[in-house]
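Residue numbers for the first sequence follow UniProt numbering, beginning at 1 and rising by one. Even glycine gets a Cβ: it sits at the ideal position worked out from N, Cα and C. Input: a single structure, listed below in structure tokens.
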Amino acid sequence: MQMPAPIRAPTFLSRRRLFEQKLSDLHKCTDLNQLKQLHALIYKSNLHNHPFVAPKLVSALSLCRQMALAVNVFDQVEEPNSHLWNTLIKAYVQNSRPDKAFEVFCEMRCSGVSPDNYTYLFLLKACSGLKSIKMIHAHVEKCNFYSDLFVPNSLIDAYSKCGLTGLEESKTLFGVMSERDLVTYNSMISGLVKAGELKEARKLFDEMPERDRVSWNAILDGYVKAGEMRTAYQIFEKMPSRDVVSWSTVISGYAKAGDIDMAKVLFDSMPAKNLVTWTIMISSYAEKGNGKEAVGLYHRMEGEKLRPDDTSFVSILSASAESGLLGLGKKVHQSITKTSYKCSTLVNNALVDMYCKCGSLNRAWSIFNSIERKDLISWNAMIHGLAMHGHGKNALQLFDRMKREGFEPDKVTFVAVLSACSHSGLVKDGIHHFYSMESDYEIAPEIEHYGCMIDLLGRGGCLNEAFGLLHSMPFEPNVVIWSSLLGACRMHNAVELANEVLDQLVKLDPENARNYSMMSNIHANAGDWGSVASVRSRMKETGGERANKGVSSIELHDEFHEFTVMDTTHPKSDSIYETVDGLSQHLRKIACVPNVVV
DNA sequence: TTAGGGTTAG
Numbered sequence: 001m002q003m004p005a006p007i008r009a010p011t012f013l014s015r016r017r018l019f020e021q022k023l024s025d026l027h028k029c030t031d032l033n034q035l036k037q038l039h040a041l042i043y044k045s046n047l048h049n050h051p052f053v054a055p056k057l058v059s060a061l062s063l064c065r066q067m068a069l070a071v072n073v074f075d076q077v078e079e080p081n082s083h084l085w086n087t088l089i090k091a092y093v094q095n096s097r098p099d100k101a102f103e104v105f106c107e108m109r110c111s112g113v114s115p116d117n118y119t120y121l122f123l124l125k126a127c128s129g130l131k132s133i134k135m136i137h138a139h140v141e142k143c144n145f146y147s148d149l150f151v152p153n154s155l156i157d158a159y160s161k162c163g164l165t166g167l168e169e170s171k172t173l174f175g176v177m178s179e180r181d182l183v184t185y186n187s188m189i190s191g192l193v194k195a196g197e198l199k200e201a202r203k204l205f206d207e208m209p210e211r212d213r214v215s216w217n218a219i220l221d222g223y224v225k226a227g228e229m230r231t232a233y234q235i236f237e238k239m240p241s242r243d244v245v246s247w248s249t250v251i252s253g254y255a256k257a258g259d260i261d262m263a264k265v266l267f268d269s270m271p272a273k274n275l276v277t278w279t280i281m282i283s284s285y286a287e288k289g290n291g292k293e294a295v296g297l298y299h300r301m302e303g304e305k306l307r308p309d310d311t312s313f314v315s316i317l318s319a320s321a322e323s324g325l326l327g328l329g330k331k332v333h334q335s336i337t338k339t340s341y342k343c344s345t346l347v348n349n350a351l352v353d354m355y356c357k358c359g360s361l362n363r364a365w366s367i368f369n370s371i372e373r374k375d376l377i378s379w380n381a382m383i384h385g386l387a388m389h390g391h392g393k394n395a396l397q398l399f400d401r402m403k404r405e406g407f408e409p410d411k412v413t414f415v416a417v418l419s420a421c422s423h424s425g426l427v428k429d430g431i432h433h434f435y436s437m438e439s440d441y442e443i444a445p446e447i448e449h450y451g452c453m454i455d456l457l458g459r460g461g462c463l464n465e466a467f468g469l470l471h472s473m474p475f476e477p478n479v480v481i482w483s484s485l486l487g488a489c490r491m492h493n494a495v496e497l498a499n500e501v502l503d504q505l506v507k508l509d510p511e512n513a514r515n516y517s518m519m520s521n522i523h524a525n526a527g528d529w530g531s532v533a534s535v536r537s538r539m540k541e542t543g544g545e546r547a548n549k550g551v552s553s554i555e556l557h558d559e560f561h562e563f564t565v566m567d568t569t570h571p572k573s574d575s576i577y578e579t580v581d582g583l584s585q586h587l588r589k590i591a592c593v594p595n596v597v598v
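Rendered as structure tokens:
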């Protein structure tokens, strides 16, 4: 007869094994509570000095955005090795603190530990401008760090992400490299694709000695970005093997080209989807305003136990904001708060923007106030949100608070500030801020700023000043500017000026029926019915009437209702029109004359 | 190390 197995020993062993297993996966742990328990156990077992455990712990803490704790772990290690230094640099890069990453790099060199391939790789990821890349480039050249292709390849990649000047630098580096491998070619091709230089990318792709899936994916992405979906699909079919990246690339291509049905067919037929694929599909539906599909897919993704990351949240939130899908935005917000996910500034900014654009200023405001580390984008989004909703004075107050708290406004801030002034009729403030841009902050006004000013002056009835500014600006006026002037002309019954403006608008945007209907409104207001008729016939001649009709949509309990002009297709059409009539009667009573499309 | 999804401006 066999003896029963002893109970205590295996329990002890399995606990230990469990701990070991958890330690080996420690750097992937994203559950903050579990991580804190492990953290305590590690210290209790005196493992925090261990050369493998410490970097893993720092990585995990960085993933959970616990940088203070991560630094604390680092500080307790008596002699940090290069692996641990690199991990801390990487952690700062991941937590959007490139400045800190560079600080750690300096400390690392002072402490006598030599940087290695990974040090430079992480630092290059932290670089946001050419200047810092060039600094590292010079540094590795001085140390003769060209023993293998790792660093030069990373340099090509980093340069390629820095606009056209950066691309030139990477081309030069690519040209002088005596030896190149697959990664060198792939990095160069993806750089060219990003800059829109598809022909050159294709040339390299054709001449490279061997290709792997990354090369194929990069050139596929090139055709997708160029909108050449036929060629892209041919490449997709021709490639020797496809992975989730290839599928995601074509799916996003079809969605961006407007063929969301084709995107969905591919999405449904692909073998294995990941977070990126789901994100592309959900945000594509949301961008199209199809909240129902987007919300449905979002639920399905959650059912697959996929945990969205920052990019995923931001992508879906920005698509919700674009189409005003408050329902989807709220769902995303709920799932962020449900998990113990500590929200990054990036995601918070996207939430603020979404709530502003979906009309929920209160929610936006409370999130804005809860952001621990606000950045310029947080301020810009909130100021712009207040401006959009006509809270001009509050927007200007927030602008002042932002400056008091030490933030330097940028050109986007001024678009928000000037539009706050124009939407609230604050002409004096607007003029003051417009001139202070250049004198106080050395920001040259761009066409958007002139646009806000012309809108501001026009709305305020200073039509001559608006025209004066238009003629003095160093840009050709665009459709936005002419349209805002046409609006101003209507507001102030300036028929002659409006005719001039319409001529300009028709040149730039002949297909747009809105210009003609605005013009015919102006004539109708003046009681000039003959001109109304002539504008109508002009519209027919130029084909303006064929232009797409505007569609309004409203979201109610995850259902979307669309309306066009004179639309009677909605099942509750009668009661909707009854309410609209009631509203306009009420407006007339309180002496507001609504604009009626003639 | 390379490829796919990304926050502020009309």
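- For K403 against E446, the beta-carbon gap comes to about 21 Å, at or over 8 Å, which does not count as contact.
- T87 is positioned such that its CB atom lies closer than 8 Å to that of V58.
- In summary, E169 is buried, with 16 or more beta-carbon neighbours lying within 10 Å of its beta-carbon over all protein chains present.
- Distance from K273 to V314 at the Cβ level is roughly 19 Å; contact not present, criterion being Cβ atoms closer than 8 Å.
- DSSP places L486 inside the alpha helix (DSSP H), whose first and last residues are 479-491.
- Where F475 is concerned, there is no enclosing alpha helix (DSSP H), because DSSP gives it neither an H nor an E.
- I371: not part of any alpha helix (DSSP H); DSSP gives it neither H nor E.
- Less than 8 Å separates the beta-carbon of S215 from that of I189.
- Of the candidates S360, F475, V276, M270, the residue whose Cα lies closest to the Cα of D309 is V276.
- Taken in chain order, the whole alpha helix (DSSP H) runs of length 4 or more contained in the stretch 16-79 are 32-44, 53-63, 67-76.
- Of the candidates L463, I282, D429, the residue whose Cα lies closest to the Cα of I316 is I282.
- D509 is positioned such that its CB atom lies closer than 8 Å to that of V479.
- At least 8 Å separates the beta-carbon of G191 from that of I235.
- For G406, there is no enclosing alpha helix (DSSP H), as DSSP gives it neither H nor E.
- Comparing alpha carbon positions, the residue from A68, S484, E578, M453 closest to S472 is M453.
- Excluding its 5 nearest sequence neighbours in each direction, A526 has C-beta neighbours in its own chain below 6 Å: V495, listed in chain order.
- With respect to the C-alpha of N369, the residue from G222, R401, T339, R300 having the closest C-alpha is R401.
- Around G222, the same chain offers I189, L192, V193, L198, A201, R202 as residues with beta carbons nearer than 8 Å, after the five sequence neighbours per side are excluded.
- Residues of the same chain with a CB within less than 7 Å of the CB of M177, apart from the 5 flanking positions on each side, are P152, T184 in chain order.
- Assignment of D148 by DSSP, reduced to helix, strand and coil, places it in the coil class.
- Between L486 and M518 a beta carbon distance of about 5 Å is seen, short of the 8 Å cut, so the two are scored as contacting.
- DSSP places A91 inside the alpha helix (DSSP H), whose first and last residues are 82-94.
- Per DSSP, H449 is one residue of the alpha helix (DSSP H) stretching across 447-459.
- For A286, the CB contacts under 7 Å within the same chain, skipping 5 residues up- and downstream, are A294, I316, A319, S320, S323, L325, L328 in chain order.
- In its chain, beyond the 5 residues on either side, Y120, L121, L124 have a beta carbon closer than 7 Å to the beta carbon of S154.
- The shortest C-alpha to C-alpha distance from E541 to any of S344, F102, V506, M270 is the one to V506.
- Here A126 is not near L164, since their CB atoms are 8 Å or more apart.
- DSSP places V113 in the coil class of the three-state scheme, outside both helix and strand.
- Following the DSSP letters along the chain, one finds T568 in no alpha helix (DSSP H), marked with neither H nor E.
- Bounds of any alpha helix (DSSP H) do not take in I443, whose DSSP letter is neither H nor E.
- For S344, there is no enclosing alpha helix (DSSP H), as DSSP marks it with neither H nor E.
- The Cβ atoms of Y516 and M539 lie closer than 8 Å to each other.
- Secondary structure within the UniProt repeat "PPR" (181-215): the alpha helix (DSSP H) runs of 4 or more consecutive residues, fully enclosed, are 182-194, 198-207 (chain order).
- In the structure shown, R230 falls within a helical segment according to DSSP collapsed to helix, strand and coil.
- Comparing alpha carbon positions, the residue from T249, N33, Q76 closest to A226 is T249.
- Distance between Q94 and K100, taken at the CA atoms: about 11 Å.
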